[in-house]
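Peer 1: Each residue of the sequence shown is one higher than the one before, counting from 15 in the numbering used here. Just so you know, even glycine gets a beta-carbon here, dropped at the ideal spot from N, CA and C. These numbers come from a predicted model, not from an experiment.
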Amino acid sequence: MLATTAALAAQPSGKPLDISTPQSFREQAAQVRAGLGPGGEYAFLSTRDRARVEQEISAMDAMFQRYGNIEAMGGAGRVELYNAQESVNGILTRGSSGSIRCAWAEPTGSHIPRTLCWSTQA
Numbered sequence: 015m016l017a018t019t020a021a022l023a024a025q026p027s028g029k030p031l032d033i034s035t036p037q038s039f040r041e042q043a044a045q046v047r048a049g050l051g052p053g054g055e056y057a058f059l060s061t062r063d064r065a066r067v068e069q070e071i072s073a074m075d076a077m078f079q080r081y082g083n084i085e086a087m088g089g090a091g092r093v094e095l096y097n098a099q100e101s102v103n104g105i106l107t108r109g110s111s112g113s114i115r116c117a118w119a120e121p122t123g124s125h126i127p128r129t130l131c132w133s134t135q136a
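(1) Exposed or buried, what is residue 100 when buried is set at 16 or more other beta-carbons lying within 10 Å of its beta-carbon?
(2) Taking one C-beta from the region 67-74 and one from the region 117-133 each time, how about it: are there three or more such pairs within less than 8 Å?
(3) Based on the DSSP output, what are the partners of residue 60 in its beta bridges?
(4) Provide the residue span of the alpha helix (DSSP H) that contains residue 105, from first to last.
(5) Please determine, among 81, 37, 92 and 78, the residue with the shortest C-alpha to C-alpha distance to residue 116.
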């Protein structure tokens, strides 16, 4: 299941923020941050949404600085990174296609944690 999360996170999604590699993340994060400014691509966002996008991008950047890449992250870290990506993409695309949320948890009847994902529709 860990590989599934990494594969999901590494797939190009056509959305504003892709986390497949630390370098592509940093380049795209810079573009998104530039787009948040006045007259930018994401200037339509509310102050609250802009703050949330900045917070999530900063959290993802900190994770890449800490671990270096997705493969070095544990299951919970990958889930946290993926959920932050989905949150940012949902805000930037105005939730046009729903999103996928994941959790790193023990399913009922098991003590072995695994990645559980579900789709949320906007």
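Peer 2: Taking the structure as given:
(1) Along the sequence shown, one-based indexing puts residue 100 at 86. With 16 or more other Cβ atoms within 10 Å, it is buried.
(2) no
(3) Translated into positions along the sequence shown, residue 60 becomes position 46. According to DSSP, which records beta bridges pairwise, residue 60 is partnered with nothing at all.
(4) As a working mapping, residue 105 is identified with position 91 in the sequence shown. Where residue 105 is concerned, the enclosing alpha helix (DSSP H) stretches over 89-106.
(5) The residue you call residue 116 lines up with position 102 of the sequence shown. Nearest of 81, 37, 92 and 78 to residue 116, Cα basis: 92.
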